[in-house]
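Colleague:
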Amino acid sequence: MKERIFGTECEYAPVYHSRNSHHRFHQLHGEALLDYIKGLSARLFSSLTLEGYPMAGEFMGNGGRLYIDRGGHPEYATPECRCVKDLVAYEKAGDRIMQELAAQTNRQTAADEGARTLHVFKNNVDFYGNTYGGHENYLITPRAAEGIRNIIPFLVTRQIFTGAGRILTCQEAGAFSFQISQRAEFIDQTFSDRATRVRGIINTRKREIYHQKQNRRLHLIVGDSNMSEFAIGLKVGTTMLTLRLLDEGRLDGVPVLALPVHALRGISRQWNEGLQIAGRKGRYTALDIQSIYLEKVQGFFSSRSPTPDEAYALELWEKVLHGLRHLKVSGRNWKLEDDPDGLRRKVDWIRKLWLLNRYGNMDDPAVNDRQLKLMDLKYHDLNPATGLFARCEALGLVDRMVDDATIAAAQIRPPENTRAQIRGTIIRRTADKSVDVEIEDWTKINIRARGRQKGPGQTKGVHPFNRYKGTANCLSLRMDDPFKAMDSSIAEQIERFVERWG
Amino acid sequence: MTEAQKFKQPIKKKPKKEDAEPTTPGGLSSEKKKKLEVLDEFIEGVLQEAGEEFLDEFKQVEGQ
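If you read the protein sequences in the order shown, they are chains D and F.
All the letters of the first sequence, read from the start, carry residue numbers 7 to 508 under my numbering.
All the letters of the second sequence, read from the start, carry residue numbers 29 to 92 under my numbering.
#1: So what's M7 of chain D in DSSP terms, helix, strand or just coil?
#2: Where are the beta strand (DSSP E) runs, 3 residues long or more, that stay fully inside the segment 396-464 of chain D, in chain order?
#3: Please list the segments of the alpha helix (DSSP H) lying wholly inside the segment 307-366 of chain D, counting only runs of 4 or more residues, in order along the chain.
#4: Give, in chain order, every residue of the segment 129-142 of chain D whose Cβ lies closer than 9 Å to some Cβ of chain F.
#5: Using 10 angstroms around the beta-carbon of G69 of chain D, count the other beta-carbons present and answer buried if the total reaches 16, otherwise exposed.
#6: Residues of chain D with a CB under 8 Å from the CB of L75 of chain F: which are they?
#7: If you reduce the DSSP assignment to three classes, tell me which class G206 of chain D lands in.
#8: Enumerate in chain order the residues of its own chain whose CB-to-CB distance from R357 of chain D is below 6 Å, with the five nearest sequence positions on each side excluded.
#9: Let's see if you can read the secondary structure: which residues bound the beta strand (DSSP E) around Q185 of chain D?
#10: What would DSSP say about E37 of chain D, mapped onto helix, strand or coil?
#11: How long is the line joining the alpha carbons of T51 of chain F and Q304 of chain D, rounded to whole angstroms?
#12: Smallest Cα separation from I173 of chain D: which of F:V66, F:L83, F:E69, F:E59?
#13: With distances taken between CB atoms, is the gap from L300 of chain D to I157 of chain D smaller than 8 Å?
#14: Leaving aside the five residues before and after N278 of chain D along the sequence, list all residues of the same chain whose C-beta is less than 6 Å from its C-beta, in chain order.
#15: Out of D:A416, D:L224, D:K439, D:S187, state which residue places its alpha-carbon closest to the alpha-carbon of R155 of chain D.
#16: Which two residues bound the contiguous alpha helix (DSSP H) that contains E254 of chain D?
#17: Output, in chain order, the set of chain D residues within a Cβ distance shorter than 7 Å of E69 of chain F.
#18: Tell me the DSSP secondary structure of H217 of chain D in three-state form.
#19: Taking the alpha helix (DSSP H) that L482 of chain D falls in, what are its first and last residues?
#20: Near L50 of chain D, which residues of its chain fall below 8 Å by C-beta distance, leaving aside the five closest residues on each side in sequence?
#21: Expressed to the nearest angstrom, what Euclidean distance is found between the alpha-carbon atoms of R256 of chain D and F306 of chain D?
#22: Could you tell me the alpha carbon to alpha carbon distance between D438 of chain D and G239 of chain D, rounded to whole angstroms?
#23: Drop a sphere of 10 angstroms on the beta-carbon of P148 of chain D, count the other beta-carbons inside from all chains shown, and report buried for 16 or more, exposed for fewer.
#24: For G280 of chain D, which residues of its own chain have a beta-carbon under 8 Å away from its beta-carbon, when the five flanking residues on both sides are left out?
#25: Between the Cα of L161 of chain D and those of D:E15, D:R425, D:G430, D:R271, spot the shortest distance and give me the residue it belongs to.
#26: For L361 of chain D, which of F:L67, F:S58, F:E81, F:Q92 has the nearest alpha-carbon?
#27: Let me know the secondary structure DSSP gives L200 of chain D once reduced to three states.
#28: Residues of the segment 70-98 of chain D in Cβ contact with chain F at a cutoff of 9 Å, in chain order, please.
#29: Are the C-beta atoms of L39 of chain D and some chain F residue less than 8 Å apart?
#30: Please classify T6 of chain D as buried or exposed, where buried requires at least 16 neighbouring CB atoms within 10 angstroms.
#31: Any idea what DSSP makes of A62 of chain D, helix, strand or coil?
#32: Taking only the alpha-carbon atoms, compute the straight-line gap between P266 of chain D and Q282 of chain D and give it to the nearest angstrom.
#33: Buried or exposed: which applies to A396 of chain D, given that a residue is buried once 16 or more other Cβ atoms fall within 10 Å of its Cβ?
#34: Within a Cβ cutoff of 8 Å, which residues of the same chain sit near K98 of chain D, ignoring the five residues on either side of it in sequence?
#35: What residues in its chain sit with their C-beta under 7 Å from that of G192 of chain D, if we drop five residues either side in the sequence?
#36: Would you report the Cα separation of L54 of chain D and H332 of chain D, rounded to the nearest angstrom?
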């Protein structure tokens with residue numbers, strides 16, 4: 007599969023911050039806490055109309071989806087994308103939308119809530135150790151699905167450039183400790199069909215998708231949610247390249263890890279100590295394993311031309327591994343000693359470590375671990391007035407992969423080369439029309455007139471052929487093929503329907 | 029110590045200025061130094077504003 011469809015899903019964390027002790031919601035537990043979080047998410051979503059986002063149920067005009075997921079988290083799923091930069095733009099668009107909704111909500115409730123402000127965070131674990139996900143979906147071939155074990159070592163080790171970083175408090179770790187991945191601690195098995203309690207590096211829950219004989223869905227829940235555009239691009243780009251080799255049956259001879267989950271956690275906690283993980287034929291560092299996969303990909307493309315997107319992802323991968331080979335982090339206290347390639351501008355965990363190092367050594371008894379933990383969480387605050395990553399970005403201290411104008415466009419317009427274009431166009435085109443758009447799932451759309459016809463000789467009123475209403479005033483579209491974008495035939499059908507019924 | 033008392037406690041530890049970007053060869057440009065100063069002030073302000081009780085408020089329900 008030379009080109010594939012992919013997308014991400016992100017569960018955000020809404021937090022009401024009060025500057026007085028009257029609001030003690032953190033003492034809530036169980037259903038009461040769940041109801042509270044759901045209430046915060048509902049407040050956020052109530053600002054969608056005020057912000058002017060056209061919606062059809064949970065689906066947005068950019069082709070993505072916004073909904074309340076398990077745990078009451080507001081979740082944004084990008085539209086289906088075909089290239090890395092698009093995916094980055096659409097994921098960052100989700101961040102911007104969430105922040106706009108929070109700001110709008112705060113404006114609406116300023117009089118009632120006093121000093122309380124609603125913040126939205128993009129991370130994967132709260133202060134109490136509850137986790138929530140940043141998921142990835144890739145379209146793969148059945149051949150790749152059969153050999154999926156061969157990408158496990160890649161997935162276990164890619165955290166060295168995709169990790170978002172995390173401080174463990176004394177309470178959690180017994181001493182100050184840093185981890186490069188937020189999710190590693192919450193993965194329990196190599197494969198699992200569940201997404202809570204027993205999480206797998208690869209989620210095997212089956213989903214019906216188009217043309218099952220040719221296409222499968224790979225669902226990954228092992229990754230961290232990234233603030234850095236480069237980290238998002240690296241995560242998806244390197245995975246896409248690895249899957250290409252798997253599709254082509256060219257991923258033989260990669261290391262087999264003895265204990266993948268153990269290795270995942272070990273790398274996250276002890277990468278700075280040069281941890282070597284056990285394979286069936288020897289021991290490897292995470293960087294060794296990433297280099298083996300990179301060499302396989304380089305070898306594959308030595309005799310064939312990569313697509314422009316593959317070439318771009320390959321270059322990113324080469325550069326980040328080069329930088330990691332020269333990065334020096336103290337094995338004793340996670341002090342960032344040397345970063346000659348400036349990876350702190352691209353990789354979240356290194357940027358976070360750099361910020362924490364500026365504040366103080368993590369083994370310095372004068373530094374309060376709660377303050378470090380606070381910095382850790384504030385890194386992920388989407389509010390530019392209070393978020394550490396957002397401020398680094400505003401100061402030009404992080405590298406960008408896409409510009410603000412591209413992200414702004416991705417907030418409202420769908421990608422032009424996948425079925426998301428049809429979905430997004432319909433939602434946008436019908437936003438102020440007298441039709442309802444019903445979207446059952448990612449593949450089906452119905453546009454229905456609201457029982458009124460606006461035409462010659464009959465300006466308004468109930469449809470005269472009411473018993474045929476189900477077919478006469480409804481346009482149903484199936485979008486089974488995710489690669490198929492808008493064409494003139496579909497555009498004409500939509501225009502004709504909207505002209506007649508809208 | 030009450031939450032309110034905790035909040036009033038000043039953040040004591042100042043960011044380190046001298047080794048701001050130890051990995052940059054040839055020292056820092058004045059523009060870069062300025063940016064780092066702005067960042068340090070920002071961090072201090074954010075930590076002060078949030079207060080440590082913010083950690084207790086950062087409570088979620090397990091997601092997927």
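Ideal Cβ positions, reconstructed from N, Cα and C, are used throughout, including at glycine.
Please read these numbers as outputs of a predicted model, since none were measured by experiment.
Modeller: Result, derived from the coordinates:
#1: coil
#2: 441-447, 450-455
#3: 314-332, 354-365
#4: N130, V131, D132, F133, Y134, N136, T137, Y138, G139, H141
#5: buried
#6: Q377, L380, M381, K384
#7: strand
#8: R350
#9: DSSP places Q185 of chain D inside the beta strand (DSSP E), whose first and last residues are 183-185.
#10: helix
#11: Bear in mind that a pLDDT of 46 at T51 of chain F, under 50, signals an unreliable position, so the model cannot answer this.
#12: F:L83
#13: no
#14: V335, G337, W340
#15: D:L224
#16: Per DSSP, E254 of chain D belongs to no alpha helix (DSSP H) and is neither H nor E.
#17: Around E69 of chain F, no beta-carbon contact reaches into chain D at under 7 Å, the shortest distance being about 10 Å.
#18: coil
#19: Looking at the sequence itself, residue 482 of chain D is Ser, so the reference to Leu does not match. Premise fails: S482 of chain D lies in the beta strand (DSSP E), 480-484, not in any alpha helix (DSSP H).
#20: P20, P80, M104, L107, A108, T111, L124, V126
#21: 8 Å
#22: 35 Å
#23: exposed
#24: Excluding five sequence positions before and after G280 of chain D, the CB atoms of its chain that fall closer than 8 Å to its own CB belong to T291, G337, given in chain order.
#25: The residue with the shortest Cα to Cα distance from L161 of chain D is D:R271.
#26: F:L67
#27: In the sequence as displayed, the identity of residue 200 of chain D is Arg instead of Leu. Of the three classes helix, strand and coil, the one that applies to R200 of chain D here is coil, per DSSP.
#28: D75, R76, G77, G78, H79, E81
#29: yes
#30: A question about residue 6 of chain D goes unanswered here, because the residues of chain D that appear run from 7 up to 508.
#31: strand
#32: Going from the Cα of P266 of chain D to the Cα of Q282 of chain D covers about 13 Å.
#33: buried
#34: E235, I238, V408, I413, A416
#35: Per the sequence shown, the amino acid found at residue 192 of chain D is Phe instead of Gly. Contacts found: T137, R205.
#36: 46 Å
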